[in-house]
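For reference, the structure discussed in these notes is given below.
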Amino acid sequence: MDALIRSLVQEGFAPERIIPGAPMSRCTTFRVGGKADVLVDVASAEEISVALRAARRAGVPVTVVGNGSNLLVRDGGIRGLVLHISGAFADIRREGDCLIAQSGAMLSACARLAQREGLAGLAELAGVPGTIGGGVIMNAGAYGRELSQVVTRVDTIALSDGKPLVFEGDALGFSYRHSAMMDANVIVTQVIMRLTPGDPEAICARTEETARMRRDKQPLEYPSAGSTFKRPPGDFAARLIDECGLRGLRVGDAQVSEKHAGFIVNLGQARASDILSLMDEVQRRVLEATGVRLEPEVRILGEDA
98 MDALIRSLVQ EGFAPERIIP GAPMSRCTTF RVGGKADVLV DVASAEEISV
148 ALRAARRAGV PVTVVGNGSN LLVRDGGIRG LVLHISGAFA DIRREGDCLI
198 AQSGAMLSAC ARLAQREGLA GLAELAGVPG TIGGGVIMNA GAYGRELSQV
248 VTRVDTIALS DGKPLVFEGD ALGFSYRHSA MMDANVIVTQ VIMRLTPGDP
298 EAICARTEET ARMRRDKQPL EYPSAGSTFK RPPGDFAARL IDECGLRGLR
348 VGDAQVSEKH AGFIVNLGQA RASDILSLMD EVQRRVLEAT GVRLEPEVRI
398 LGEDA
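Numbered according to my numbering, the sequence shown spans residues 98 to 402.
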(Lines of atoms letter the chains of each structure in order from A and count residues from 1; the text may use other names and numbers.)
(Lines give C-alpha, C1' and ligand atoms only; values in the text may rest on other atoms or scores of the structure.)
Protein backbone atom coordinates (compact mmCIF):
# COMPACT_ATOMS: atom_id res chain seq x y z
CA MET A 1 0.00 0.00 0.00
CA ASP A 2 3.03 2.28 -0.07
CA ALA A 3 2.09 3.58 -3.52
CA LEU A 4 -1.38 4.52 -2.29
CA ILE A 5 -0.05 6.31 0.77
CA ARG A 6 2.50 8.23 -1.33
CA SER A 7 -0.26 9.22 -3.75
CA LEU A 8 -2.51 10.43 -0.92
CA VAL A 9 0.30 12.53 0.52
CA GLN A 10 1.05 13.95 -2.94
CA GLU A 11 -2.62 14.90 -3.24
CA GLY A 12 -2.40 16.91 -0.02
CA PHE A 13 -3.63 14.62 2.75
CA ALA A 14 -1.77 15.12 6.01
CA PRO A 15 0.01 11.90 7.07
CA GLU A 16 -1.89 11.79 10.39
CA ARG A 17 -5.18 11.47 8.48
CA ILE A 18 -3.93 8.38 6.61
CA ILE A 19 -4.34 5.26 8.77
CA PRO A 20 -2.71 2.04 7.50
CA GLY A 21 -4.13 -1.13 9.02
CA ALA A 22 -7.15 0.65 10.51
CA PRO A 23 -9.29 -1.78 12.57
CA MET A 24 -12.78 -1.71 11.08
CA SER A 25 -14.21 -2.86 14.41
CA ARG A 26 -13.83 0.79 15.46
CA CYS A 27 -15.85 1.96 12.47
CA THR A 28 -18.93 -0.26 12.85
CA THR A 29 -21.65 -0.44 15.50
CA PHE A 30 -21.28 -4.26 15.53
CA ARG A 31 -17.73 -3.70 16.86
CA VAL A 32 -16.31 -6.51 14.72
CA GLY A 33 -14.23 -6.73 11.56
CA GLY A 34 -10.65 -6.99 10.35
CA LYS A 35 -8.32 -4.24 9.24
CA ALA A 36 -8.52 -1.94 6.24
CA ASP A 37 -5.35 -1.69 4.18
CA VAL A 38 -5.58 2.11 4.38
CA LEU A 39 -8.32 4.34 5.81
CA VAL A 40 -8.69 8.07 5.24
CA ASP A 41 -11.09 10.39 7.01
CA VAL A 42 -12.58 12.77 4.45
CA ALA A 43 -14.20 16.07 5.38
CA SER A 44 -15.51 17.49 2.09
CA ALA A 45 -16.69 16.59 -1.40
CA GLU A 46 -13.42 17.97 -2.72
CA GLU A 47 -11.42 15.61 -0.51
CA ILE A 48 -13.47 12.68 -1.73
CA SER A 49 -12.55 13.52 -5.33
CA VAL A 50 -8.90 13.92 -4.36
CA ALA A 51 -8.84 10.55 -2.58
CA LEU A 52 -10.52 8.82 -5.53
CA ARG A 53 -7.88 10.25 -7.83
CA ALA A 54 -5.12 8.92 -5.57
CA ALA A 55 -6.73 5.47 -5.49
CA ARG A 56 -6.99 5.38 -9.29
CA ARG A 57 -3.35 6.36 -9.57
CA ALA A 58 -2.35 3.56 -7.18
CA GLY A 59 -4.70 1.06 -8.84
CA VAL A 60 -6.55 0.03 -5.69
CA PRO A 61 -10.28 -0.48 -4.98
CA VAL A 62 -12.27 2.01 -2.88
CA THR A 63 -14.84 1.30 -0.17
CA VAL A 64 -16.96 3.97 1.49
CA VAL A 65 -18.23 3.82 5.08
CA GLY A 66 -20.03 6.27 7.33
CA ASN A 67 -21.04 5.47 10.89
CA GLY A 68 -21.05 1.75 10.09
CA SER A 69 -24.46 1.24 11.69
CA ASN A 70 -25.75 -1.10 8.99
CA LEU A 71 -22.45 -2.77 8.22
CA LEU A 72 -20.71 -6.07 8.89
CA VAL A 73 -17.02 -6.25 7.95
CA ARG A 74 -15.56 -9.75 7.67
CA ASP A 75 -12.62 -10.76 9.85
CA GLY A 76 -10.10 -10.52 7.01
CA GLY A 77 -10.75 -6.81 6.62
CA ILE A 78 -11.00 -4.65 3.49
CA ARG A 79 -8.45 -4.39 0.72
CA GLY A 80 -7.50 -1.08 -0.84
CA LEU A 81 -8.67 2.33 0.37
CA VAL A 82 -11.53 2.92 2.78
CA LEU A 83 -13.01 6.42 2.68
CA HIS A 84 -14.50 7.21 6.06
CA ILE A 85 -17.14 9.93 5.80
CA SER A 86 -16.31 11.56 9.11
CA GLY A 87 -18.09 13.87 11.50
CA ALA A 88 -16.14 16.75 10.02
CA PHE A 89 -18.34 16.44 6.91
CA ALA A 90 -21.61 16.90 8.77
CA ASP A 91 -22.94 20.43 8.30
CA ILE A 92 -26.74 20.83 8.43
CA ARG A 93 -28.60 24.01 7.60
CA ARG A 94 -32.17 25.16 7.02
CA GLU A 95 -33.34 26.85 3.85
CA GLY A 96 -37.06 27.58 3.93
CA ASP A 97 -38.85 24.34 4.74
CA CYS A 98 -35.82 22.27 3.68
CA LEU A 99 -32.87 20.86 5.57
CA ILE A 100 -29.63 20.56 3.59
CA ALA A 101 -27.25 18.05 5.17
CA GLN A 102 -23.75 16.91 4.28
CA SER A 103 -23.49 13.14 4.08
CA GLY A 104 -21.63 12.69 7.37
CA ALA A 105 -24.44 14.29 9.40
CA MET A 106 -26.13 11.87 11.76
CA LEU A 107 -29.82 11.25 11.20
CA SER A 108 -30.32 12.01 14.88
CA ALA A 109 -28.72 15.45 14.43
CA CYS A 110 -30.95 16.16 11.43
CA ALA A 111 -34.01 15.21 13.49
CA ARG A 112 -32.94 17.39 16.41
CA LEU A 113 -32.44 20.43 14.19
CA ALA A 114 -35.80 19.84 12.50
CA GLN A 115 -37.45 19.67 15.91
CA ARG A 116 -35.85 22.94 17.05
CA GLU A 117 -36.91 24.61 13.81
CA GLY A 118 -40.49 23.35 14.06
CA LEU A 119 -40.22 21.11 10.99
CA ALA A 120 -42.03 17.77 10.99
CA GLY A 121 -41.04 14.63 9.08
CA LEU A 122 -37.97 13.24 10.86
CA ALA A 123 -39.15 12.56 14.42
CA GLU A 124 -39.48 8.82 13.82
CA LEU A 125 -35.90 8.63 12.53
CA ALA A 126 -34.30 10.43 15.48
CA GLY A 127 -33.07 7.16 17.01
CA VAL A 128 -31.63 5.64 13.82
CA PRO A 129 -27.86 5.47 14.53
CA GLY A 130 -26.62 6.17 11.01
CA THR A 131 -25.56 9.07 8.82
CA ILE A 132 -27.85 10.74 6.32
CA GLY A 133 -25.52 9.57 3.53
CA GLY A 134 -25.79 5.92 4.42
CA GLY A 135 -29.45 6.32 5.32
CA VAL A 136 -30.47 7.73 1.97
CA ILE A 137 -28.60 5.01 0.07
CA MET A 138 -30.71 2.31 1.75
CA ASN A 139 -33.85 4.43 2.25
CA ALA A 140 -33.66 4.05 6.01
CA GLY A 141 -36.90 4.00 7.92
CA ALA A 142 -38.53 3.45 11.29
CA TYR A 143 -42.00 3.55 12.79
CA GLY A 144 -43.78 4.11 9.51
CA ARG A 145 -41.46 6.83 8.22
CA GLU A 146 -38.85 6.47 5.44
CA LEU A 147 -36.40 8.97 4.03
CA SER A 148 -38.11 8.57 0.65
CA GLN A 149 -41.00 10.60 2.10
CA VAL A 150 -38.87 13.71 2.62
CA VAL A 151 -35.76 13.52 0.40
CA THR A 152 -36.02 15.58 -2.80
CA ARG A 153 -32.41 15.69 -4.03
CA VAL A 154 -29.16 13.79 -3.45
CA ASP A 155 -25.78 15.08 -4.64
CA THR A 156 -23.18 12.38 -5.25
CA ILE A 157 -19.77 11.65 -6.74
CA ALA A 158 -19.25 8.70 -9.09
CA LEU A 159 -16.74 6.19 -7.75
CA SER A 160 -15.64 5.36 -11.30
CA ASP A 161 -14.41 8.79 -12.39
CA GLY A 162 -14.96 11.23 -9.51
CA LYS A 163 -17.53 13.27 -11.43
CA PRO A 164 -20.59 14.79 -9.70
CA LEU A 165 -23.99 13.19 -10.26
CA VAL A 166 -27.33 14.56 -9.03
CA PHE A 167 -30.40 12.42 -8.28
CA GLU A 168 -33.78 14.08 -7.84
CA GLY A 169 -37.44 13.37 -8.41
CA ASP A 170 -38.17 9.99 -9.96
CA ALA A 171 -34.45 9.43 -10.53
CA LEU A 172 -34.06 8.78 -6.78
CA GLY A 173 -35.69 5.40 -7.38
CA PHE A 174 -36.71 4.77 -3.78
CA SER A 175 -38.27 1.49 -2.67
CA TYR A 176 -38.12 -0.57 0.53
CA ARG A 177 -34.50 -0.37 1.80
CA HIS A 178 -33.33 0.54 -1.69
CA SER A 179 -32.57 3.54 -3.89
CA ALA A 180 -31.17 4.29 -7.32
CA MET A 181 -27.97 5.45 -5.60
CA MET A 182 -27.43 1.94 -4.25
CA ASP A 183 -27.09 0.63 -7.80
CA ALA A 184 -25.18 3.57 -9.25
CA ASN A 185 -21.81 3.08 -7.48
CA VAL A 186 -21.72 6.60 -6.07
CA ILE A 187 -20.73 8.40 -2.89
CA VAL A 188 -23.38 10.65 -1.37
CA THR A 189 -22.12 14.14 -0.54
CA GLN A 190 -25.28 16.14 0.24
CA VAL A 191 -28.98 15.46 0.86
CA ILE A 192 -31.90 17.89 0.63
CA MET A 193 -35.03 17.08 2.63
CA ARG A 194 -38.33 18.94 2.30
CA LEU A 195 -40.15 18.97 5.62
CA THR A 196 -43.49 20.31 6.87
CA PRO A 197 -43.91 23.20 9.33
CA GLY A 198 -45.42 21.93 12.58
CA ASP A 199 -45.78 22.46 16.29
CA PRO A 200 -42.40 22.01 18.00
CA GLU A 201 -44.05 20.55 21.10
CA ALA A 202 -45.94 17.95 19.05
CA ILE A 203 -42.77 17.09 17.14
CA CYS A 204 -40.88 16.73 20.44
CA ALA A 205 -43.64 14.47 21.83
CA ARG A 206 -43.47 12.21 18.76
CA THR A 207 -39.67 12.07 19.00
CA GLU A 208 -39.84 11.08 22.66
CA GLU A 209 -42.55 8.50 21.94
CA THR A 210 -40.48 6.71 19.30
CA ALA A 211 -37.35 6.94 21.49
CA ARG A 212 -39.27 5.23 24.30
CA MET A 213 -40.50 2.48 21.97
CA ARG A 214 -36.95 1.95 20.75
CA ARG A 215 -35.59 1.68 24.30
CA ASP A 216 -38.36 -0.67 25.36
CA LYS A 217 -38.20 -3.03 22.38
CA GLN A 218 -34.65 -2.98 21.03
CA PRO A 219 -31.43 -4.39 22.56
CA LEU A 220 -29.59 -1.07 22.68
CA GLU A 221 -27.34 -2.35 25.47
CA TYR A 222 -25.37 -4.53 23.01
CA PRO A 223 -23.47 -3.75 19.80
CA SER A 224 -25.53 -4.58 16.72
CA ALA A 225 -26.27 -3.34 13.23
CA GLY A 226 -29.97 -2.80 13.80
CA SER A 227 -32.45 -5.05 12.00
CA THR A 228 -30.43 -7.94 10.61
CA PHE A 229 -32.89 -9.02 7.92
CA LYS A 230 -35.26 -7.18 5.62
CA ARG A 231 -38.98 -7.36 6.20
CA PRO A 232 -40.47 -10.13 4.02
CA PRO A 233 -43.53 -9.12 1.97
CA GLY A 234 -46.56 -9.07 4.24
CA ASP A 235 -44.68 -10.20 7.34
CA PHE A 236 -41.88 -9.37 9.76
CA ALA A 237 -38.51 -11.09 10.03
CA ALA A 238 -38.60 -10.92 13.82
CA ARG A 239 -41.97 -12.71 13.95
CA LEU A 240 -40.75 -15.51 11.70
CA ILE A 241 -37.51 -15.94 13.66
CA ASP A 242 -39.44 -16.00 16.92
CA GLU A 243 -42.00 -18.46 15.52
CA CYS A 244 -39.11 -20.81 14.69
CA GLY A 245 -37.92 -20.71 18.31
CA LEU A 246 -34.64 -18.98 17.49
CA ARG A 247 -34.72 -16.18 20.06
CA GLY A 248 -31.49 -16.48 22.09
CA LEU A 249 -29.75 -18.77 19.56
CA ARG A 250 -25.96 -18.30 19.75
CA VAL A 251 -22.82 -18.90 17.75
CA GLY A 252 -19.91 -17.86 19.95
CA ASP A 253 -20.74 -14.42 21.29
CA ALA A 254 -23.16 -13.65 18.45
CA GLN A 255 -26.75 -14.04 19.59
CA VAL A 256 -30.26 -13.64 18.23
CA SER A 257 -31.38 -11.02 20.73
CA GLU A 258 -33.59 -12.25 23.53
CA LYS A 259 -35.23 -8.82 23.59
CA HIS A 260 -35.97 -8.48 19.86
CA ALA A 261 -35.57 -11.49 17.56
CA GLY A 262 -34.97 -9.24 14.54
CA PHE A 263 -31.58 -8.21 15.93
CA ILE A 264 -28.35 -10.17 16.10
CA VAL A 265 -26.16 -8.74 18.85
CA ASN A 266 -22.53 -8.97 19.88
CA LEU A 267 -22.42 -10.11 23.51
CA GLY A 268 -18.84 -8.93 23.79
CA GLN A 269 -16.30 -11.04 21.93
CA ALA A 270 -18.12 -12.07 18.75
CA ARG A 271 -16.24 -12.30 15.47
CA ALA A 272 -17.72 -11.47 12.11
CA SER A 273 -17.57 -15.17 11.26
CA ASP A 274 -19.77 -15.92 14.29
CA ILE A 275 -22.36 -13.39 13.15
CA LEU A 276 -22.31 -14.68 9.58
CA SER A 277 -22.68 -18.28 10.75
CA LEU A 278 -25.60 -17.30 12.94
CA MET A 279 -27.24 -15.40 10.08
CA ASP A 280 -26.86 -18.47 7.85
CA GLU A 281 -28.40 -20.72 10.49
CA VAL A 282 -31.35 -18.37 11.02
CA GLN A 283 -31.96 -18.18 7.27
CA ARG A 284 -31.74 -21.97 6.94
CA ARG A 285 -34.14 -22.73 9.77
CA VAL A 286 -36.69 -20.07 8.78
CA LEU A 287 -36.67 -21.26 5.16
CA GLU A 288 -37.03 -24.88 6.24
CA ALA A 289 -39.93 -24.12 8.60
CA THR A 290 -41.82 -21.42 6.69
CA GLY A 291 -40.64 -21.42 3.09
CA VAL A 292 -39.57 -17.76 3.46
CA ARG A 293 -35.99 -16.84 2.52
CA LEU A 294 -34.85 -13.95 4.70
CA GLU A 295 -32.64 -11.39 2.96
CA PRO A 296 -29.93 -9.57 4.92
CA GLU A 297 -30.57 -5.91 5.57
CA VAL A 298 -27.01 -5.60 6.87
CA ARG A 299 -24.40 -4.68 4.27
CA ILE A 300 -21.55 -7.25 4.29
CA LEU A 301 -18.06 -6.19 3.19
CA GLY A 302 -14.50 -7.45 3.18
CA GLU A 303 -12.75 -10.78 3.13
CA ASP A 304 -12.78 -13.81 5.40
CA ALA A 305 -9.78 -14.27 7.65
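The beta-carbon is built from N, C-alpha and C at its ideal position, and this holds for glycine as well.
Fair warning: this is a prediction, and the values are worked out from it, not measured in the lab.
{"Query": "Start and end of the alpha helix (DSSP H) containing Thr52?", "Result": "This structure cannot speak to residue 52, because the chain is shown only from 98 to 402."}
{"Query": "Could you tell me the alpha carbon to alpha carbon distance between Val379 and Glu305, rounded to whole angstroms?", "Result": "33 Å"}
{"Query": "Who are Thr286's beta bridge partners in DSSP?", "Result": "Per DSSP, none; premise fails for Thr286."}
{"Query": "If you drop the 5 nearest sequence neighbours on each side, which residues of the same chain put their C-beta closer than 8 Å to that of Ile300?", "Result": "Ala211, Gln212, Gly215, Leu216, Ala217 and Ala220"}
{"Query": "Between Ser370 and Ile361, is the Cβ-Cβ spacing less than 8 Å?", "Result": "no"}
{"Query": "What residues in its chain sit with their C-beta under 6 Å from that of Gly131, if we drop five residues either side in the sequence?", "Result": "Asp172, Gly173 and Gly174"}
{"Query": "Drop a sphere of 10 angstroms on the beta-carbon of Tyr319, count the other beta-carbons inside from all chains shown, and report buried for 16 or more, exposed for fewer.", "Result": "buried"}
{"Query": "Count the other CB atoms within 10 Å of the CB of Arg251; is the residue buried (16 or more) or exposed (fewer)?", "Result": "A small correction: the amino acid at residue 251 is Val; Arg does not occupy that position in the sequence shown. The residue is buried, with at least 16 neighbouring Cβ atoms inside 10 Å."}
{"Query": "Where DSSP assigns a beta bridge to Gln352, which residues make up the other side?", "Result": "Arg347 and Val362"}
{"Query": "Among Ala140, Ala142, Arg150 and Ser324, which has the Cα closest to the Cα of Glu108?", "Result": "Arg150"}
{"Query": "Can you give the Cα-Cα distance for Val106 and Asp401, rounded to whole angstroms?", "Result": "30 Å"}
{"Query": "My parser needs the alpha helix (DSSP H) runs of 4 or more residues fully inside the segment 197-241; what are they?", "Result": "204-213 and 229-234"}
{"Query": "Are the CB atoms of Thr253 and Leu244 nearer to each other than 8 Å?", "Result": "no"}
{"Query": "Tell me whether Cys341 sits in a helix, a strand or coil according to DSSP, three-state version.", "Result": "coil"}
{"Query": "Who does Arg396 pair with in a DSSP beta bridge?", "Result": "Leu168"}
{"Query": "Does DSSP put Ala402 in a helix, in a strand, or in coil?", "Result": "coil"}
{"Query": "Do the segment 128-142 and the segment 178-198 make contact, defined as three or more Cβ pairs closer than 8 Å?", "Result": "yes"}
{"Query": "The alpha helix (DSSP H) with Val147 in it runs from where to where?", "Result": "Ala142 to Ala155"}
{"Query": "Just to confirm, is the Cβ distance from Asn164 to Gly270 under 8 Å?", "Result": "no"}
{"Query": "Can you tell me which of the three DSSP states Asp280 falls into?", "Result": "helix"}
{"Query": "Please state the DSSP three-state secondary structure of Val247.", "Result": "coil"}
{"Query": "Give the DSSP-derived three-state secondary structure of Ser183 in the structure shown.", "Result": "coil"}
{"Query": "Quick one: Cα of Ala100 to Cα of Ala119, how far?", "Result": "17 Å"}
{"Query": "Taking the continuous alpha helix (DSSP H) assigned at Asp377, which residues delimit it?", "Result": "Ala369 to Thr387"}
{"Query": "Using a 10 Å radius around the Cβ and a threshold of 16 neighbouring Cβ atoms, would you call Gln287 buried or exposed?", "Result": "buried"}
{"Query": "Quick check: the Cα distance between Arg128 and Gln246, rounded to an integer number of angstroms?", "Result": "31 Å"}
{"Query": "To the nearest angstrom, how far is it from the Cα of Asp350 to the Cα of Glu265?", "Result": "43 Å"}
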